[in-house]
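Colleague: Residues 1 to 178 in the UniProt record's numbering are what the sequence shown lists, from first letter to last.
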Amino acid sequence: MKITIVAGSNRREATSTKLCRYVEKVLTERGVQVELYDLYEKPLPFYCADDEQVGESVQAWKEALNGADAIVLATPEFHGSLSGVLKNALDFTGFDQFDGKPVLAMSSAGGAVGVSSLQQLQTIVRNVHGVNCSEWISIGGAQRTFTAEGEPEDAKTRERILRTVQYFVQMTEKLRHS
1 MKITIVAGSN RREATSTKLC RYVEKVLTER GVQVELYDLY EKPLPFYCAD
51 DEQVGESVQA WKEALNGADA IVLATPEFHG SLSGVLKNAL DFTGFDQFDG
101 KPVLAMSSAG GAVGVSSLQQ LQTIVRNVHG VNCSEWISIG GAQRTFTAEG
151 EPEDAKTRER ILRTVQYFVQ MTEKLRHS
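(1) Helix, strand or coil: how does DSSP classify Y22 here?
(2) Using 10 angstroms around the beta-carbon of A142, count the other beta-carbons present and answer buried if the total reaches 16, otherwise exposed.
(3) Near T145, what residues of its chain come up, given a Cβ to Cβ distance below 6 Å and the 5 sequence neighbours on each side ignored?
(4) Tell me, please, which residues DSSP counts as bridged to Q33.
(5) Please name the residue or residues paired with T75 in a DSSP beta bridge.
(6) Where do the N-terminal and C-terminal ends of the beta strand (DSSP E) with S134 fall, by residue?
(7) With burial defined as no fewer than 16 other Cβ atoms inside 10 Å of the residue's Cβ, what is the status of K156: buried or exposed?
(8) Three-state secondary structure (DSSP) at D99?
(9) Please tell me whether E77 and G114 are closer than 8 Å, where the distance is taken between their beta carbons.
(10) Is the beta carbon of I124 sitting closer than 8 Å to the one on L90?
(11) Taking the straight line between their C-alpha atoms, what separation do you get for residue 179 and A49?
(12) Use the C-beta contact count for A112: other C-beta atoms within 10 angstroms, 16 or more gives buried, fewer gives exposed.
(13) Kindly indicate which three-state DSSP category D51 falls into: helix, strand or coil?
(14) Where do the ends of the alpha helix (DSSP H) carrying V115 lie?
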């Protein structure tokens, strides 16, 4: 099983990216092949429907999603929405990248939780025929603190993330074998 995790922030040390790295570690320890696609490290040009946009960065982006059995999309929550960086990246995609694939949405918000961005991500996933995971991960406020080893400091946050990731892996396995 291969899962592509998309870190949808334009900040080097974004807590949403730290969350991605933690989920990557959890999945790898479970024997899952993981590709972390960090949009800060691999920026894309602005999407323009008038252009073919077949440059190397866009090709690599699409290939990372094409080769995945499942996808994790992570975003910081800005003004009640997903990041512009992630939305721009998703504009390059479509059915070829998402059709029938399980997708887990994750967010990191300055407030208590980032529900608006998660709902918007799920709407986008539905429109490209992905299969939304019924669980999601949202960290906010003090839950966004990570140890030097990259784990969430809060034990309840770790437990919730582990439970959701396990659910997502089981969902992916079931959909792969159906």
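Heads up, the beta-carbon is just placed ideally off N, CA and C, and yes, glycines get one too. In this text the structure is predicted, and so the values were computed from the model without any measurement.
Modeller: So, from the listed chains and residues:
(1) Working through the sequence shown from its first residue, we reach residue 22 at position 22. Helix at Y22.
(2) Position 142 of the sequence shown, counted from the first residue, corresponds to residue 142. So A142 counts as exposed.
(3) Against the sequence shown, residue 145 aligns to sequence position 145. Contacts found: E153.
(4) Against the sequence shown, residue 33 aligns to sequence position 33. Paired residue(s): K2.
(5) Stepping through the sequence shown from its first residue, residue 75 is reached at position 75. Paired residues: S107.
(6) Mapped onto the sequence shown, residue 134 falls at position 134. Neither: S134 is in no beta strand (DSSP E) and is coded neither H nor E.
(7) Here residue 156 refers to the residue found at position 156 when the sequence shown is read from its first residue. Classified as exposed, K156 has fewer than 16 neighbouring CB atoms from the shown chains inside 10 Å of its CB.
(8) As a first step, residue 99 is located in the sequence shown; it is residue number 99 there, counting from the start. The DSSP-derived three-state label of D99 is coil.
(9) Sequence index remark: in the sequence shown, residue 77 carries index 77 (1-based). Sequence index remark: in the sequence shown, residue 114 carries index 114 (1-based). Cβ distance < 8 Å, so E77 and G114 count as in contact.
(10) Against the sequence shown, residue 124 aligns to sequence position 124. Against the sequence shown, residue 90 aligns to sequence position 90. Yes, the pair counts as a contact, with Cβ atoms nearer than the cut-off.
(11) An answer regarding residue 179 cannot be provided, because it is not within the stretch 1 to 178 covered by the chain.
(12) Counting from one through the sequence shown, the residue named residue 112 turns up at place 112. With fewer than 16 other Cβ atoms from the protein chains shown falling within 10 Å of its own Cβ, A112 counts as exposed.
(13) On the sequence shown, position 51 is the one that residue 51 refers to. In this structure, D51 counts as coil in the three-state DSSP scheme.
(14) Residue mapping note: residue 115 aligns to position 115 of the sequence shown, counting from 1. Counted as a single uninterrupted DSSP element, the alpha helix (DSSP H) harbouring V115 occupies residues 115-127.
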